[in-house]
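S.K.: Below you will find the structure I want to go over with you.
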Amino acid sequence: MTFHQLGLSAELLRAVTEQGYSEPTPIQAQAIPVVLSGLDVLAGAQTGTGKTAGFTLPLLQRLHGSAQAGGRRPVRALVLTPTRELAAQVGDSIHCYGKYLPLRSTTIFGGVPLRPQIATLRKGVDILVATPGRLLDHVGQKTLDLSQVEILVLDEADRMLDMGFINDIRKILALLPKQRQNLLFSATFSSKIKQLADSFLVSPRLIEVARRNTTAEHVQQAVYQVDKSRKRELLSNLIGAESWPQVLVFTRTKHGANRLTSQLEKDGIKATAIHGNKSQGARTKALAEFKNAQVRVLVATDIAARGLDIDQLACVVNYELPNVPEDYVHRIGRTGRAGRSGMAISLVSADEIKLQRDIEALLGGKLPKMVAKGYELTANHVACEDQRTAPRKARSERKIPGSRQRSGRRSFAGGRNSERTAAGRSSSARSV
Ligand code: AMP
């Protein structure tokens, strides 16, 4: 299958070729023809599958095909995303894939001044990418008219619901013309997503590329069970010993992200944090520094990391396991993208073993265990764990891609009392 066979125009094929894509990913092969035909779509695809191009390319083609010459440009396509970062990334994709088409797009989200966005909207854009809250701010101020929208995309709809955007989404749906094409993308299909889909999709084509609630095939996963107080030291050691060029580390709280960042810096590892308490400017700066490899470790909370698209991210570390097992799937989806291999390491303390089990239940198999010599869980914790897991051991289990040295032992020169670690050595509208 080639992009050419999918019926894309010469301008889009040129942009795709410039991106270096040789063939469509499965979601693109399935979604592009359906979207081009004007049907509604309900797509189950997680980040990393190429879903953005899967809806952006045909959307651009449809808008271009029905473009009206001259005059005011009403918003004809609306893409809603849960986070600012994802909005920015989708905006960049539209800009990149549409560079040879005479369409205009802009991205609007909160945390930045409203006025420049108003000026851009006033000049007219064909495609608007937005987060729900800021979109409604503009509607409230009468600086945005959505009455001409022909195509609506809800990207990462499951995250939007998790983040409590359901009422905003309903308000926005009520502002759109009844006759339109709807595309809903979601990594998971909960009953709430199904309910939402039923409420506005019309005879949608169901497209599913990754099996529900499964983790990316290309991601090698491993768990280190370790005392909470020793996680930071183990992380520093792993970064150095494994020579990970860059790591995205997840913490559960904003405060935890800040604290870990400064501890890593003390260990001589350049790190920065990204979370909801930071201004949009600080978040953009942190992401840019990570992308340019100026910093080695990006410490993030779940919400801040949603939708981050970082090319060639080799390793994700769960410094703390998420409370919601589905978030594990989202987190590790940051690595192993578009066919590349990746690694997802989880540092699990005794109080998180229950969370580990919940994740394993969701994935349908055990996560491979690794042991870092000198960092094992202390004896009483291990005893408790063995007692609890003993009856489960006999069950047949699905194989989850494991670490290179599954259940292996790793030893560090450092060990329990070592202070220094191995690692220490070592918004305007644009033509789219
Ligand atoms: P997404 O799932 O949309 O976040 O895309 C994940 C990554 O895959 C992005 O970095 C894209 O640039 C990349 N990508 C998208 N389509 C292709 C393709 N057909 N071939 C190779 N890489 C792709």
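Following my numbering, the numbering of the sequence shown begins with 236 at its first residue and continues without gaps. In this text, a Cβ means the ideal position worked out from N, Cα and C, and glycines have one as well.
What are the boundary residues of the alpha helix (DSSP H) that includes MET395?
M.R.: For the purposes of this step, residue 395 is identified with residue 160 of the sequence shown, where counting begins at 1. Where MET395 is concerned, the enclosing alpha helix (DSSP H) stretches over 392 to 397.
S.K.: I think ALA579 touches VAL461, with their Cβ atoms under 8 Å apart; what is that distance to the nearest whole Å?
M.R.: Taking the sequence shown and counting its residues from 1, the one referred to as residue 579 is at position 344. Taking the sequence shown and counting its residues from 1, the one referred to as residue 461 is at position 226. About 16 Å; that fails the 8 Å criterion.
S.K.: Just reading off the alpha helix (DSSP H) that ARG518 is part of, what are its end residues?
M.R.: For the purposes of this step, residue 518 is taken as the residue at position 283 of the sequence shown. ARG518 -> alpha helix (DSSP H) spans 515 to 526.
S.K.: Is VAL325 near VAL276, with beta carbons less than 8 Å apart?
M.R.: Numbered from 1 along the sequence shown, position 90 holds the residue referred to as residue 325. Numbered from 1 along the sequence shown, position 41 holds the residue referred to as residue 276. Contact: no.
S.K.: Under the criterion of a Cβ to heavy atom distance below 7 Å, does ALA323 qualify as lining ligand 1?
M.R.: Position 88 of the sequence shown, counted from the first residue, corresponds to residue 323. No - ligand 1 has no heavy atom lying nearer than 7 Å to the Cβ of ALA323.
S.K.: Between PRO560 and the rest of its own chain, which residues show a CB-CB distance below 7 Å, the 5 nearest in sequence each way excluded?
M.R.: Here residue 560 corresponds to residue number 325 of the sequence shown, with the count starting at 1. Only ASP593, ILE594, LEU597 meet the Cβ criterion.
S.K.: To the nearest angstrom, report how far apart GLN622 and GLY345 are at their CA atoms.
M.R.: On the sequence shown, residue 622 is found 387 positions in, with the first residue counted as 1. On the sequence shown, residue 345 is found 110 positions in, with the first residue counted as 1. Residue placement at GLN622 is poorly supported in this model, since its pLDDT is 43, which falls under 50; the coordinates still yield a value, given next. Whole-angstrom Cα-Cα distance: 50 Å.
S.K.: By the three-class DSSP mapping on this structure, what secondary structure does LEU321 have?
M.R.: In the sequence shown, residue 321 corresponds to position 86, counting from 1. Helix at LEU321.
S.K.: Would you list the one or two residues that DSSP bridges to GLU443?
M.R.: Translated into positions along the sequence shown, residue 443 becomes position 208. DSSP, once it has assigned bridges, lists GLY279 as partnering GLU443.
S.K.: Between GLN352 and ligand 1, is there a pair consisting of the residue's CB and a ligand heavy atom that are separated by less than 7 Å?
M.R.: The count along the sequence shown starts at 1 and reaches residue 352 at position 117. It does not: the Cβ of GLN352 is nowhere closer than 7 Å to a heavy atom of ligand 1.
S.K.: Taking C-beta to C-beta, are ARG467 and LYS505 nearer than 8 Å?
M.R.: Along the sequence shown, one-based indexing puts residue 467 at 232. Along the sequence shown, one-based indexing puts residue 505 at 270. Their beta carbons are not under 8 Å apart, which means ARG467 does not touch LYS505 by this criterion.
S.K.: Could you name the residues of the same chain whose beta carbon sits closer than 7 Å to that of LEU248, not counting the 5 residues immediately before and after it, in chain order?
M.R.: Here residue 248 refers to the residue found at position 13 when the sequence shown is read from its first residue. Cβ neighbours of LEU248 beyond the five flanking positions: PHE238, HIS239.
S.K.: Is it the case that the Cβ atoms of GLN481 and PHE525 are separated by a distance below 8 Å?
M.R.: Here residue 481 is taken as the residue at index 246 of the sequence shown, counted from 1. Here residue 525 is taken as the residue at index 290 of the sequence shown, counted from 1. It is a contact, given that the beta carbons lie within the stated cut-off.
S.K.: For MET236 versus PRO259, is the C-beta distance shorter than 8 Å?
M.R.: Counting from one through the sequence shown, the residue named residue 236 turns up at place 1. Counting from one through the sequence shown, the residue named residue 259 turns up at place 24. Yes; because the gap between Cβ atoms is below 8 Å, this pair is in contact.
S.K.: Using a Cβ-Cβ cut-off of 8 Å (strictly less than) and excluding sequence neighbours within five positions of ARG415, which residues of its own chain qualify?
M.R.: Against the sequence shown, residue 415 aligns to sequence position 180. Only VAL384, GLU385, ILE386, LEU387 meet the Cβ criterion.
S.K.: Just to check, is the beta-carbon of PRO261 closer than 7 Å to a non-hydrogen atom of ligand 1?
M.R.: As a first step, residue 261 must be located in the sequence shown, where it is residue number 26. Result no, Cβ not under 7 Å from ligand 1.
S.K.: What would DSSP say about LYS604, mapped onto helix, strand or coil?
M.R.: Within the sequence shown, numbered from 1, the residue matching residue 604 stands at position 369. Residue state, collapsed to three classes: strand.
S.K.: Check each candidate in ILE567, ALA323, SER584 and name the one with the smallest Cα separation from GLU555.
M.R.: Here residue 555 refers to the residue found at position 320 when the sequence shown is read from its first residue. Per the Cα distances, SER584.
S.K.: Contact defined as beta carbons within less than 8 Å: I believe LEU582 pairs with LEU499. What is the distance between those atoms, to the nearest angstrom?
M.R.: Working through the sequence shown from its first residue, we reach residue 582 at position 347. Working through the sequence shown from its first residue, we reach residue 499 at position 264. The pair is not a contact, with the Cβ atoms about 13 Å apart (cut-off 8 Å).
S.K.: Run through DSSP, which three-state label would TYR459 get?
M.R.: Counting from 1 along the sequence shown, the entry for residue 459 is found at position 224. In this structure, TYR459 counts as strand in the three-state DSSP scheme.
S.K.: Spatial neighbours of THR613 within its chain, please: C-beta separation below 8 Å, excluding the five flanking residues on both sides.
M.R.: Here residue 613 refers to the residue found at position 378 of the sequence shown. Once the five neighbours on either side are set aside, the close Cβ partners of THR613 are ASP462.
S.K.: Spatial neighbours of LYS437 within its chain, please: C-beta separation below 8 Å, excluding the five flanking residues on both sides.
M.R.: Residue mapping note: residue 437 aligns to position 202 of the sequence shown, counting from 1. According to the sequence as given, residue 437 is Val; it is not Lys. Hits under 8 Å: ASP275, ASN417.
S.K.: Less than 7 Å between the CB of GLY285 and some heavy atom of ligand 1, yes or no?
M.R.: Position 50 of the sequence shown, counted from the first residue, corresponds to residue 285. Result yes, Cβ under 7 Å from ligand 1.
S.K.: In the DSSP assignment, what residue or residues form a beta bridge with VAL482?
M.R.: Locating residue 482 in the sequence shown gives position 247, where the first residue counts as 1. Partner(s): VAL532, CYS550.
S.K.: Our contact map puts ALA280 next to VAL484 with C-beta atoms below 8 Å; I'd like the distance itself, whole angstroms only.
M.R.: Here residue 280 is taken as the residue at index 45 of the sequence shown, counted from 1. Here residue 484 is taken as the residue at index 249 of the sequence shown, counted from 1. Between VAL484 and ALA280 the Cβ distance is about 25 Å, and since that is not below 8 Å, they are no contact.
S.K.: From ALA354 to PRO603, what distance separates their C-alpha atoms?
M.R.: Within the sequence shown, numbered from 1, the residue matching residue 354 stands at position 119. Within the sequence shown, numbered from 1, the residue matching residue 603 stands at position 368. If you take the alpha carbons of ALA354 and PRO603, they lie about 53 Å apart.
S.K.: Assuming contact is defined by CB atoms lying nearer than 8 Å, are ALA492 and THR519 in contact in what I supplied?
M.R.: Residue 492 sits at position 257 when you count from the first residue of the sequence shown. Residue 519 sits at position 284 when you count from the first residue of the sequence shown. No. Outside cutoff.
S.K.: For ALA250, does the three-state DSSP call read helix, strand or coil?
M.R.: Stepping through the sequence shown from its first residue, residue 250 is reached at position 15. Reduced to three states, the DSSP call for ALA250 is helix.
S.K.: Report all residues from its chain with a CB closer than 6 Å to the CB of VAL552; omit the five preceding and five following residues, and keep chain order.
M.R.: Within the sequence shown, numbered from 1, the residue matching residue 552 stands at position 317. Here the set comprises VAL482, VAL484, ILE580.
S.K.: Give me, in chain order, the residues of the same chain whose beta-carbon lies closer than 6 Å to that of ILE343; leave out the 5 immediate sequence neighbours on both sides.
M.R.: If you number the sequence shown from 1, residue 343 lands on position 108. Answer for ILE343: GLN352, ALA365, ARG369, listed in chain order.
S.K.: If you count every other CB in all the chains shown that lies within 10 Å of the CB of LEU533, and 16 or more means buried, which is it?
M.R.: Along the sequence shown, one-based indexing puts residue 533 at 298. Buried, since its Cβ has 16 or more Cβ neighbours within 10 Å.
S.K.: Look at the alpha carbon of SER257 and the alpha carbon of ILE401, and state the distance between them as a whole number of angstroms.
M.R.: Within the sequence shown, residue 257 is the residue found at index 22, counting from 1. Within the sequence shown, residue 401 is the residue found at index 166, counting from 1. Cα to Cα, the separation comes out at about 38 Å.
S.K.: So, at 6 Å on beta carbons, what are the nonlocal neighbours of GLY255 in its own chain, with the 5 sequence-adjacent residues on each side left out?
M.R.: Indexing the sequence shown from 1 puts residue 255 at position 20. None.
S.K.: Is THR291 closer than 8 Å to SER183 when the C-beta atoms are compared?
M.R.: Outside the displayed range of the chain (236 to 667) lies residue 183, so it cannot be described from this structure.
S.K.: Using a Cβ-Cβ distance cut-off of 8 Å, determine whether THR342 contacts chain C.
M.R.: Checking the listed chains, one finds no chain C in this structure; it contains a single protein chain.
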